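Peer 1: Would you mind keeping the following structure in view while I ask a few things?
2 protein chains.
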Amino acid sequence: MNAQQQLIDSGLRAWQFNADRVESFFVALSEEQLQQEIAPGRNRLIYLWGHLAAVNDALFPLLGIGPKLYPELDAMFLANPDRHASSVLSGAELKSVWGRINQTLWTAFNKWSAADWLAKHTAVSDEDFVKEPHRNRYSVMLARNTHMAFHYGQAILAKPRA
Amino acid sequence: MNAQQQLIDSGLRAWQFNADRVESFFVALSEEQLQQEIAPGRNRLIYLWGHLAAVNDALFPLLGIGPKLYPELDAMFLANPDRHASSVLSGAELKSVWGRINQTLWTAFNKWSAADWLAKHTAVSDEDFVKEPHRNRYSVMLARNTHMAFHYGQAILAKPRA
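Chains A and W supply the protein sequences, listed in that same order. Taking this note's numbering, the leading residue of the first sequence gets 1, the next gets one more, and so forth. Taking this note's numbering, the leading residue of the second sequence gets 163, the next gets one more, and so forth.
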C-alpha cells in the first residue's frame with residue numbers, strides 16, 4: 001500500500017469501527033428495549049438507530065453512488081423529531097435496513113482510489129470545489145463517522161432493562 | 163497540495179471541527195452549570211470536559227511528541243470515575259488547560275508530513291507494526307477525534323440551566 005492508500009485505509013478502519021459498534025449495540029436490543037429513551041424526555045433508542053441509518057443512507061446520493069436505498073427513512077428519523085412520524089420501522093426491520101445500507105456503502109468505499117475519494121461530493125458546485133477542494137468524499141465520510149460516534153455516545157447512556 | 167496532503171488535511175479539518183465545538187460548548191458554561199449531570203446519575207459536565215482534556219493530553223506521549231503537559235489530569239478524569247477524585251480542576255482552570263493542550267497538539271499536527279503521520283505510535287512494537295501498519299499516528303488521531311464526538315454527543319444532552 002502506498003501512503004495515499006494507507007491514509008484511506010485508516011479512515012475506512014475508523015468508519016468500520018464505529019459502524020460495527022453501532023450495529024452490535026442495537027441488534028442486541030429487544031423491541032421493548034429499543035423503546036427506551038436515552039435520558040428522560042430525550043430520543044428513544046429506536047429513533048437514534050433509525051436516524052443513523054437515514055443519515056448513512058443519504059450518503060449514496062451525496063457521494064454520487066446512487067439513490068437512497070430507503071428514502072422512507074427520512075420522514076421517520078431525519079426530517080421529523082422522535083414521536084412525530086405516525087409509524088416507524090421496528091427493530092427487526094431496522095436490523096435488515098441497517099445491514100443493507102452499511103454493506104452496500106462498504107462495498108462502494110472499498111472500490112475507490114485516492115482520486116475517487118478526493119473527488120467532490122454532489123452538494124458542492126464545480127466552482128466552489130475549485131476554491132474549497134476539501135469538500136470531497138473523504139471529508140464527508142470522516143464527518144459521517146463522527147456523526148455515528150456522536151449518537152453512539154448518547155445511545156449507550158440508556159442502560160437497557162431486561 | 164498532493165493527494166496525501168489532501169487526505170491529511172481532511173483528517174485535520176475533522177479534528178478541528180470537533181475540538182472547536184467541544185471548546186465552544188464548555189467554555190460558555192458557568193462553574194455551576196459544569197456541575198450538572200448529562201443524565202440522572204451520570205457524569206457531570208466538568209468530568210466530561212476534563213476527561214477529553216486528559217485523553218487528548220495523553221496523545222503527546224502516544225504520538226511521540228513529548229510528555230503529557232498535565233499528568234495530574236489522569237487521576238481526576240481518566241483513571242477514576244466522576245466524583246472519586248478528592249478534587250478536580252475548576253472550569254476556569256480547565257479552560258486554560260484545554261486551550262494549551264489543543265493548541266500544542268495542533269501545532270505538532272500541522273508540522274507532520276505523510277510519512278510522519280504514517281509512522282508508528284509509541285504503544286506498538288516495531289515487530290507488531292510490520293504486521294499492522296495501520297497502527298500509525300494518523301489512525302490514532304482519527305480515533306481520538308471520534309472519542310471527542312462520542313462525549314460531545316453526551317455533553318449536549320445536559321441543557322444547562324441559567
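Backbone N, C-alpha and C fix where the C-beta goes; we use that ideal spot for every residue, glycine too. Computed from a prediction, not measured in an experiment: that's the story for all the values here.
Using a 10 Å radius around the Cβ and a threshold of 16 neighbouring Cβ atoms, would you call H151 of chain A buried or exposed?
Peer 2: Translated into positions along the first sequence, residue 151 of chain A becomes position 151. By the neighbour-count rule (16 or more Cβ atoms within 10 Å), H151 of chain A is buried.
Peer 1: Compare the C-beta of W13 of chain A with all C-beta atoms of chain W and state if any pair is closer than 9 Å.
Peer 2: Locating residue 13 of chain A in the first sequence gives position 13, where the first residue counts as 1. One detail in the question is off: residue 13 of chain A reads as Arg in this sequence, not Trp. Yes, R13 of chain A counts as interfacial toward chain W.
Peer 1: Okay, do the stretch 64–73 of chain A and the stretch 96–104 of chain A touch, 3+ Cβ pairs below 8 Å being the bar?
Peer 2: Touching, yes, given that three or more Cβ pairs across the two stretches are closer than 8 Å.
Peer 1: Rounded to the nearest angstrom, how far is the Cβ of L118 of chain A from that of Q166 of chain W, given a contact under 8 Å?
Peer 2: Counted from its first residue, the first sequence places residue 118 of chain A at position 118. Counted from its first residue, the second sequence places residue 166 of chain W at position 4. Incorrect: roughly 10 Å between the Cβ atoms, too far for contact.
Peer 1: Which two residues bound the contiguous alpha helix (DSSP H) that contains R19 of chain A?
Peer 2: Numbered from 1 along the first sequence, position 19 holds the residue referred to as residue 19 of chain A. Per the sequence shown, the amino acid found at residue 19 of chain A is Ala instead of Arg. Start and end: 3–27.
Peer 1: What does a CB cutoff of less than 8 Å around T308 of chain W pick up in its chain, not counting 5 residues either side in sequence?
Peer 2: As a first step, residue 308 of chain W is located in the second sequence; it is residue number 146 there, counting from the start. Taken in chain order, the list of residues that qualify is empty.
Peer 1: Hey, quick one: how far does the alpha helix (DSSP H) through S96 of chain A stretch, first residue to last?
Peer 2: Start at 1 with the first residue of the first sequence, and residue 96 of chain A comes out as number 96. Looking at the DSSP string, the run of the alpha helix (DSSP H) that includes S96 of chain A is 91–109.
Peer 1: Assess contact between the stretch 138–145 of chain A and the stretch 267–275 of chain W, defined as three or more Cβ pairs (one per stretch) separated by less than 8 Å. Is contact present?
Peer 2: Segments in contact, no.
Peer 1: Is the CB of R44 of chain A under 9 Å away from at least one CB in chain W?
Peer 2: What you label residue 44 of chain A is simply residue 44 of the first sequence in a count that begins at 1. Output row for R44 of chain A: interface = no.
Peer 1: Mind checking the stretch 243–255 of chain W against chain A and listing, in chain order, the residues whose C-beta falls within less than 8 Å of any C-beta there?
Peer 2: Listed in sequence order: no entries.
Peer 1: Can you list the residues of chain D that Q36 of chain A reaches, using a CB-CB cut of under 7 Å?
Peer 2: Chain labels in this structure do not include chain D; the protein chains are A and W.
Peer 1: Whose C-beta lies closer than 6 Å to the C-beta of V27 of chain A among residues of the same chain, with five residues either side of it excluded?
Peer 2: Within the first sequence, numbered from 1, the residue matching residue 27 of chain A stands at position 27. Once the five neighbours on either side are set aside, the close Cβ partners of V27 of chain A are K95.
Peer 1: Spatial neighbours of E31 of chain A within its chain, please: C-beta separation below 7 Å, excluding the five flanking residues on both sides.
Peer 2: Here the question's residue 31 of chain A lines up with position 31 in the first sequence. Excluding sequence neighbours, E31 of chain A sits near S90, G91.
Peer 1: Does the Cβ of D126 of chain A have 16 or more other Cβ atoms within 10 Å, making it buried, or fewer, making it exposed?
Peer 2: Locating residue 126 of chain A in the first sequence gives position 126, counting from the first residue. Exposed is the call here.
Peer 1: Please tell me whether F77 of chain A and H51 of chain A are closer than 9 Å, where the distance is taken between their beta carbons.
Peer 2: Taking the first residue of the first sequence as position 1, residue 77 of chain A is located at position 77. Taking the first residue of the first sequence as position 1, residue 51 of chain A is located at position 51. Contact flag set, yes.
Peer 1: Just to confirm before moving on: does the CB-CB distance between V184 of chain W and Y209 of chain W stay below 9 Å?
Peer 2: Position 22 of the second sequence holds residue 184 of chain W. Position 47 of the second sequence holds residue 209 of chain W. No.
Peer 1: If the cut is a Cβ gap below 7 Å, which residues of chain A does G226 of chain W touch?
Peer 2: Position 64 of the second sequence, counted from the start, is the residue given in the question as residue 226 of chain W. Ordered by position in chain A, no residue passes the 7 Å Cβ test against G226 of chain W, which lies about 17 Å from the chain.
Peer 1: In three-state DSSP terms, what is A162 of chain A?
Peer 2: The residue given as residue 162 of chain A occupies position 162 in the first sequence. Because the pLDDT at A162 of chain A is just 49, under 50, the model does not fix this residue reliably, and the point stays unresolved.
Peer 1: Applying the 10 Å Cβ sphere with the 16-neighbour rule, what's the burial state of R137 of chain A?
Peer 2: Translated into positions along the first sequence, residue 137 of chain A becomes position 137. Buried, since its Cβ has 16 or more Cβ neighbours within 10 Å.
Peer 1: Looking at N218 of chain W: is its Cβ nearer than 9 Å to the Cβ of M310 of chain W?
Peer 2: Translated into positions along the second sequence, residue 218 of chain W becomes position 56. Translated into positions along the second sequence, residue 310 of chain W becomes position 148. Yes.
Peer 1: Using the Cα positions of R175 of chain W and H296 of chain W, report the straight-line distance between them to the nearest angstrom.
Peer 2: Along the second sequence, one-based indexing puts residue 175 of chain W at 13. Along the second sequence, one-based indexing puts residue 296 of chain W at 134. Their backbone Cα atoms lie some 20 Å apart in a straight line.
Peer 1: Near D290 of chain W, which residues of its chain fall below 8 Å by C-beta distance, leaving aside the five closest residues on each side in sequence?
Peer 2: In the second sequence, the residue the question calls residue 290 of chain W occupies position 128. Closer than 8 Å at Cβ, skipping near neighbours: R297.
Peer 1: Am I right that L207 of chain W and A317 of chain W are in contact with their C-beta atoms under 8 Å? What's the rounded C-beta distance?
Peer 2: Residue numbering aside, residue 207 of chain W sits at position 45 when the second sequence is read from its first letter. Residue numbering aside, residue 317 of chain W sits at position 155 when the second sequence is read from its first letter. With a Cβ gap of about 6 Å, L207 of chain W and A317 of chain W count as contacting.
Peer 1: Taking the CB atoms as reference points, tell me whether D236 of chain W and A216 of chain W lie closer together than 9 Å.
Peer 2: On the second sequence, residue 236 of chain W is found 74 positions in, with the first residue counted as 1. On the second sequence, residue 216 of chain W is found 54 positions in, with the first residue counted as 1. Yes, the pair counts as a contact, with Cβ atoms nearer than the cut-off.
Peer 1: May I ask you to list the residues that DSSP assigns as paired with R206 of chain W?
Peer 2: On the second sequence, position 44 is the one that residue 206 of chain W refers to. In DSSP, R206 of chain W forms a bridge with W:E199.
Peer 1: Quick one, which residues of the stretch 46–62 of chain A are near chain W if we go by CB-CB under 9 Å, in chain order?
Peer 2: Residues: none.
Peer 1: Closest Cβ-Cβ distance between G185 of chain A and chain W: below 9 Å?
Peer 2: This structure leaves residue 185 of chain A out entirely; chain A is present only between 1 and 162.
Peer 1: So which residues on chain A does Y300 of chain W lean against when the C-beta distance must stay under 9 Å?
Peer 2: Locating residue 300 of chain W in the second sequence gives position 138, where the first residue counts as 1. Residues of chain A passing the Cβ test: Q6, L7, S10, G11.
Peer 1: Would you mind working out which of A:A158, A:V140, A:E37, A:L34 sits nearest L105 of chain A, comparing C-alpha positions?
Peer 2: Residue numbering aside, residue 105 of chain A sits at position 105 when the first sequence is read from its first letter. The option with the nearest alpha carbon to L105 of chain A is A:V140.
Peer 1: For E193 of chain W, is the beta carbon positioned less than 8 Å from some heavy atom of the ligand ZN?
Peer 2: In the structure on display, the ligand ZN does not appear, and there are no ligands present to speak of.
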